[in-house]
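So the sequence shown is residues 1 to 175, counted in the UniProt record's numbering. Yeah, the Cβ is synthetic: ideal placement off N, Cα and C, and Gly gets one too. Quick caveat, the model's predicted, so the values are computed rather than measured. The structure appears right after this line, and notes come after that.
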Amino acid sequence: MAMYRKLGRTSSQRKALIRNQVTALLANGKIVTTEAKAKEIRKEAEKLIALAVREKDNFEEVTVKAKVARKDKDGKRVKEVVDGKKVTVYDEVEKTIKKDAPSRLHARRQMLKVLYPVKEVEAGKKRSAKEVDLVDKLFNEYAPKYADRNGGYTRIVKIGLRKGDAAMEVLLELV
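So this is what it looks like as structure tokens:
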């Protein structure tokens, strides 16, 4: 018995398809696909969510000092003349950051191996597309939501047969 479905594709095409669908599922919360694909996508998505749940509290808060450019009322950097050259003025600011433990850092890198980068486009504003950090979304949004749940983070709902080839279409969504 095979350990996975081949989905009628070469291994590189299959891997790209699964990565793409898992990324879409985690970014949007639900996708419509065929039943066979959904069952394969579910495996990968559940692994990533379980990894996030396991490592969600494995960090420490650290206070660091950082230099930040001083800005005027228009948002432009303040410059002053030093030895005949214009130099930007910097202020020291203390920031609190989350420092990952080694196991959480490893989990983050494992997730990045699967997930593609995602850009979120606002309606009609293609130039102002923002990069969405799905790994952060997994740790900060999905992990606390599923912390008390032992697996079963996704649901497959059958929609019906597709018109073109009569393949069973399903809705794969996060519970």
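> Taking buried to mean at least 16 other C-beta atoms within 10 Å of its own C-beta, is Leu-134 buried or exposed?
Replying inline: Taking the sequence shown and counting its residues from 1, the one referred to as residue 134 is at position 134. It counts as buried.
>> Here's the rule I'm using: 16 or more other beta-carbon atoms within 10 Å means buried, otherwise exposed. How should Ile-159 be labelled?
In response: Along the sequence shown, one-based indexing puts residue 159 at 159. Ile-159 is classed as exposed because its beta carbon has fewer than 16 other beta carbons within 10 Å across all chains shown.
> The alpha helix (DSSP H) spanning Met-111 covers which residue range?
Replying inline: Here residue 111 corresponds to residue number 111 of the sequence shown, with the count starting at 1. Run containing Met-111: 102–114, per the alpha helix (DSSP H) assignment.
> For residue 183, which residues from the same chain have a beta carbon less than 7 Å from its beta carbon, with the 5 sequence-adjacent residues on both sides left out?
Replying inline: Because the chain in this structure spans residues 1 to 175, residue 183 falls outside the shown range and cannot be described.
>> Closest to His-106 by C-alpha separation, out of Ala-52, Arg-70, Arg-42 and Gly-75, would be which residue?
In response: For the purposes of this step, residue 106 is taken as the residue at position 106 of the sequence shown. The candidate whose alpha carbon is nearest that of His-106 is Ala-52.
> Which value, in whole angstroms, describes the spacing of the CA atoms of Arg-127 and Lys-73?
Replying inline: The count along the sequence shown starts at 1 and reaches residue 127 at position 127. The count along the sequence shown starts at 1 and reaches residue 73 at position 73. Cα to Cα, Arg-127 sits roughly 25 Å from Lys-73.
>> In whole angstroms, give me the CA-to-CA distance for Val-170 and Ile-18.
In response: Start at 1 with the first residue of the sequence shown, and residue 170 comes out as number 170. Start at 1 with the first residue of the sequence shown, and residue 18 comes out as number 18. Straight across, the Cα-Cα distance linking Val-170 with Ile-18 is about 16 Å.
> What whole-angstrom Cβ distance do Gly-151 and Glu-44 have, given they're in contact under 8 Å?
Replying inline: Translated into positions along the sequence shown, residue 151 becomes position 151. Translated into positions along the sequence shown, residue 44 becomes position 44. Between Glu-44 and Gly-151 the Cβ distance is about 14 Å, and since that is not below 8 Å, they are no contact.
> Since Ala-69 and Arg-77 are thought to touch, with beta carbons under 8 Å apart, how far apart are those beta carbons, to the nearest angstrom?
Replying inline: Looking up residue 69 in the sequence shown gives position 69. Looking up residue 77 in the sequence shown gives position 77. 5 Å between Cβ atoms; contact.
>> Counting C-beta neighbours from all protein chains within 10 Å, is the total for Leu-161 16 or more, i.e. buried, or is it exposed?
In response: Here residue 161 refers to the residue found at position 161 when the sequence shown is read from its first residue. Exposed, because fewer than 16 other Cβ atoms sit within 10 Å of the Cβ of Leu-161.
> From this set, Met-111, Lys-15, Val-32 and Ser-12, which residue's C-alpha is nearest Val-157's C-alpha?
Replying inline: Position 157 of the sequence shown, counted from the start, is the residue given in the question as residue 157. Ranking the options by Cα distance to Val-157, first place goes to Val-32.
> If you check the beta carbons only, do Lys-119 and Glu-131 fall under 7 Å apart?
Replying inline: Sequence index remark: in the sequence shown, residue 119 carries index 119 (1-based). Sequence index remark: in the sequence shown, residue 131 carries index 131 (1-based). Cβ distance < 7 Å, so Lys-119 and Glu-131 count as in contact.
> According to DSSP, which residues form a beta bridge with Lys-30?
Replying inline: In the sequence shown, counting from the first residue as 1, residue 30 sits at position 30. Bridge partners of Lys-30: Glu-173.
> At what residues does the beta strand (DSSP E) containing Ala-66 begin and finish?
Replying inline: Numbered from its first residue, the sequence shown carries residue 66 at position 66. Segment 59–69, the beta strand (DSSP E) holding Ala-66.
>> Measuring alpha carbon to alpha carbon, tell me which residue in Glu-55, Glu-94, Val-22 and Lys-163 is nearest residue 244.
In response: Residue 244 lies beyond the stretch modelled for the chain, which goes from 1 to 175, so this question has no answer here.
> How should Thr-23 be labelled, buried or exposed, when 16 other C-beta atoms within 10 angstroms of its C-beta is the threshold for buried?
Replying inline: Along the sequence shown, read from residue 1 onward, the residue named residue 23 stands at position 23. When all chains shown are included, Thr-23 counts as buried.
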